[in-house]
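Those letters in the sequence shown? Residues 4 to 65, by this note's numbering. Virtual Cβ for every residue (Gly too), placed ideally from N, Cα, C. Presented below is the structure to which this report refers.
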Amino acid sequence: MGGEGPIYYTALSQYARDHGITGDRLKRFYVFMNAIDGEWLKIQRERAEAAEAERKKKEAQR
4 MGGEGPIYYT ALSQYARDHG ITGDRLKRFY VFMNAIDGEW LKIQRERAEA AEAERKKKEA
64 QR
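Right, here's the structure in full:
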């Protein structure tokens with residue numbers, strides 16, 4: 004089962020560069036974005052698992 008993966012470091016790095024995020028702000032940016040991304044991935048994984056369980060339930064009823 005595939006799914007979404009974490010935001011690539013290169014994407015975060017490029018965004019920070021494009022928006023002038025440096026120094027301590029850059030460190031906080033990485034921590035903050037990784038925390039948000041981790042929560043998003045957790046939610047998406049839970050949704051995918053629930054959908055798979057529902058699919059199996061319907062399949063078993065046939």
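From the listed residues Leu44, Thr25, His22, the smallest Cα separation to Pro9 is found for Leu44.
Judged by DSSP secondary structure, Tyr33 falls within the alpha helix (DSSP H) whose first and last residues are 26-63. Note on geometry: alpha-carbon atoms of Glu57 and Arg50 lie some 11 angstroms from one another.
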